[in-house]
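Below is one structure, written out as structure tokens; the observations come after it.
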Amino acid sequence: MPKFEDILKILPENTQEFLNPLWDALPEDEKEALKEKFEGLPLDFNLVNMLMDLAKVQMQVALGRKNRVAIVGPANVGKSTLYNHFIRQKSDQAEVSPVPGTTRINQVADAGIFTVIDTPGADAVGPVGEKEKEEALTAAQEADFLVIMFDAIQGVKDSELKLYHQLLALRKPYLVVLNKIDLVGGKHETDVLEKAASNLGIETTKLIPISAKRGVNITKVLMGIVIADPELLIPMAQALPQYRWNLSWRVIVTSSILSGVIALVPLPLIDFIPLITNQSTMVLSIARIHNYKITLKRARELVATFGIGLLARTLFQQISKLGGVPGWLLSSAIAASTTVAMGYAASIWFEKGERISQETFNNLSKNLTHFFIESLMNRFKRKPSKKNLKQALEETLDETGMADRDFIDQAANTELI
Ligand SMILES: Nc1nc2c(ncn2[C@@H]2O[C@H](COP(=O)(O)OP(=O)(O)OP(=O)(O)O)[C@@H](O)[C@H]2O)c(=O)[nH]1
Ligand SMILES: [Mg+2]
Numbered sequence: 002m003p004k005f006e007d008i009l010k011i012l013p014e015n016t017q018e019f020l021n022p023l024w025d026a027l028p029e030d031e032k033e034a035l036k037e038k039f040e041g042l043p044l045d046f047n048l049v050n051m052l053m054d055l056a057k058v059q060m061q062v063a064l065g066r067k068n069r070v071a072i073v074g075p076a077n078v079g080k081s082t083l084y085n086h087f088i089r090q091k092s093d094q095a096e097v098s099p100v101p102g103t104t105r106i107n108q109v110a111d112a113g114i115f116t117v118i119d120t121p122g123a124d125a126v127g128p129v130g131e132k133e134k135e136e137a138l139t140a141a142q143e144a145d146f147l148v149i150m151f152d153a154i155q156g157v158k159d160s161e162l163k164l165y166h167q168l169l170a171l172r173k174p175y176l177v178v179l180n181k182i183d184l185v186g187g188k189h190e191t192d193v194l195e196k197a198a199s200n201l202g203i204e205t206t207k208l209i210p211i212s213a214k215r216g217v218n219i220t221k222v223l224m225g226i227v228i229a230d231p232e233l234l235i236p237m238a239q240a241l242p243q244y245r246w247n248l249s250w251r252v253i254v255t256s257s258i259l260s261g262v263i264a265l266v267p268l269p270l271i272d273f274i275p276l277i278t279n280q281s282t283m284v285l286s287i288a289r290i291h292n293y294k295i296t297l298k299r300a301r302e303l304v305a306t307f308g309i310g311l312l313a314r315t316l317f318q319q320i321s322k323l324g325g326v327p328g329w330l331l332s333s334a335i336a337a338s339t340t341v342a343m344g345y346a347a348s349i350w351f352e353k354g355e356r357i358s359q360e361t362f363n364n365l366s367k368n369l370t371h372f373f374i375e376s377l378m379n380r381f382k383r384k385p386s387k388k389n390l391k392q393a394l395e396e397t398l399d400e401t402g403m404a405d406r407d408f409i410d411q412a413a414n415t416e417l418i
């Protein structure tokens, strides 16, 4: 078993130069934790290189070089309320009030794996407002990631749109949230979301409805920040192993929707090549969440072991024989469900080092296919646009309840009725 010092020696000199001072500066308990990780592993050069990438990020995090996440948007939308969800120490709490213009200067706090910044409303007018706007834009400029917030009741009008474009011009990774969704009556929620998304010129699925006050969808925001920033992914997964499934699930949802939409393209059966590429990329991301950095080739091999092509064809033939299910819908349901099953299998693989049985894999795919068929049949009388299909798939995935890991474990072990 290699010692950490031995590993360091075989690395290129510039990497050693980079790592040595970082290593020396680490507190003892961090050093011990990292040593344990390395010393149980075979001395394989690729693996070591990969681990070094990992260690660099980890060490940077340990040393406090954290990414800066700024929450920006118009006054009174709930920025400070969201900020208060992320802070670690009570003393960092920001003032929240119904009076617009409560926050006057940027406020920075530790949020564990990143630094979070609360900013004043960036839409204000008049001399005082200008100063606050400048303050907020400075924070946005200096940030690594932006959470852009709008208000579900105020909606997105000209002034909000102007601010939005100003923020986009900074070319930072970002996500957009629509806060105070609790104030919108349940049945109007979709309308409000669609309207705001269309005013912003984005897809509805790209706009996250939240209630900062009630704590609704805050995890989704957190996942969004982490997924968009690979540098955060590893420390996040390591710091909070309980989030690994949540992170993986976000990846699975995105990939599964993409698979479902790919399958909408009219082809004789399903075109398996883009499907498998998509699934392999998903496997790569899930590997990364579990601290493995594998090649695309390896991911493809893993996907291939489940024989998804054959399974998909069998399902297609069996179900179309029963009649009543349009071809496009069946393809889409199969593509989406085998992607979910593959994502689940990959999570188990990287988490426990176990391959789920073929039977479990097939059961899960079959059950999900039926679930998707029913859901899509209820929603569409004829072939939908890509946009509508995406939305329906996202909702269906939500309805599976699989964001909850215990639930998927059960579903995987359930025989098809
Ligand atoms: N109903 C509802 N109210 C919210 C929500 N989030 C924030 N609020 C309320 O909206 C008001 C403004 O919240 P803040 O967090 O201070 O908003 P802000 O964007 O920081 O405001 P400024 O600092 O003035 O720019 C407060 O009364 C909050 O309690 C929400 O999700 N739902
Ligand atoms: Mg505020």
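In terms of the working numbering, the sequence shown opens at residue 2 and continues consecutively. We treat Cβ as the ideally placed atom computed from N, Cα and C, and that holds for glycine.
Hey, residue i and residue j: beta-carbon distance below 8 Å or not?
{"i": "A109", "j": "M150", "result": "Note that residue 109 is Val in the sequence shown here, rather than Ala. No, the Cβ-Cβ distance between V109 and M150 is not below 8 Å."}
{"i": "D194", "j": "V148", "result": "First, the amino acid is wrong: residue 194 is Leu here, not Asp. Against a cut-off of 8 Å, the Cβ pair of V148 and L194 comes out as no contact."}
{"i": "N180", "j": "G79", "result": "yes"}
{"i": "M343", "j": "F317", "result": "no"}
{"i": "T103", "j": "D119", "result": "no"}
{"i": "I290", "j": "F115", "result": "no"}
{"i": "F362", "j": "A337", "result": "no"}
{"i": "D124", "j": "E161", "result": "yes"}
{"i": "L377", "j": "S333", "result": "yes"}
{"i": "T339", "j": "A313", "result": "yes"}
{"i": "V262", "j": "K391", "result": "yes"}
{"i": "L208", "j": "A197", "result": "yes"}
{"i": "V157", "j": "N218", "result": "no"}
{"i": "A170", "j": "T82", "result": "no"}
{"i": "K367", "j": "E204", "result": "no"}
{"i": "A144", "j": "P121", "result": "no"}
Using the Cβ count rule (16 or more neighbours within 10 Å means buried), how would you classify residue i?
{"i": "L331", "result": "buried"}
{"i": "A305", "result": "exposed"}
{"i": "G187", "result": "exposed"}
{"i": "V73", "result": "buried"}
{"i": "D152", "result": "buried"}
{"i": "P99", "result": "exposed"}
{"i": "Q155", "result": "buried"}
{"i": "K382", "result": "exposed"}
{"i": "N379", "result": "exposed"}
{"i": "I106", "result": "exposed"}
{"i": "A112", "result": "buried"}
{"i": "N247", "result": "buried"}
Have a look at the DSSP bridge pairing and note the partners of residue i.
{"i": "A110", "result": "V117"}
{"i": "P75", "result": "Beta-bridge pairing links P75 to no other residue."}
{"i": "Y345", "result": "Its beta-bridge partners do not exist; DSSP assigns none."}
State the DSSP-derived secondary structure class of residue i, mapped to helix, strand or coil.
{"i": "M150", "result": "strand"}
{"i": "N180", "result": "strand"}
{"i": "R301", "result": "helix"}
{"i": "L209", "result": "It is worth fixing the name first, because residue 209 is Ile in this sequence and not Leu. Note: I209 maps to strand in three-state DSSP."}
{"i": "R69", "result": "strand"}
{"i": "P175", "result": "Correcting the residue type first, residue 175 is Tyr in the shown sequence and not Pro. Y175: strand per DSSP, three-state reduction."}
{"i": "V217", "result": "strand"}
{"i": "R289", "result": "helix"}
{"i": "L248", "result": "helix"}
{"i": "G324", "result": "coil"}
{"i": "R105", "result": "coil"}
{"i": "M283", "result": "helix"}
{"i": "F307", "result": "coil"}
{"i": "S386", "result": "coil"}
{"i": "I88", "result": "coil"}
{"i": "R380", "result": "helix"}
{"i": "E131", "result": "helix"}
{"i": "I263", "result": "helix"}
{"i": "K158", "result": "coil"}
{"i": "D192", "result": "helix"}
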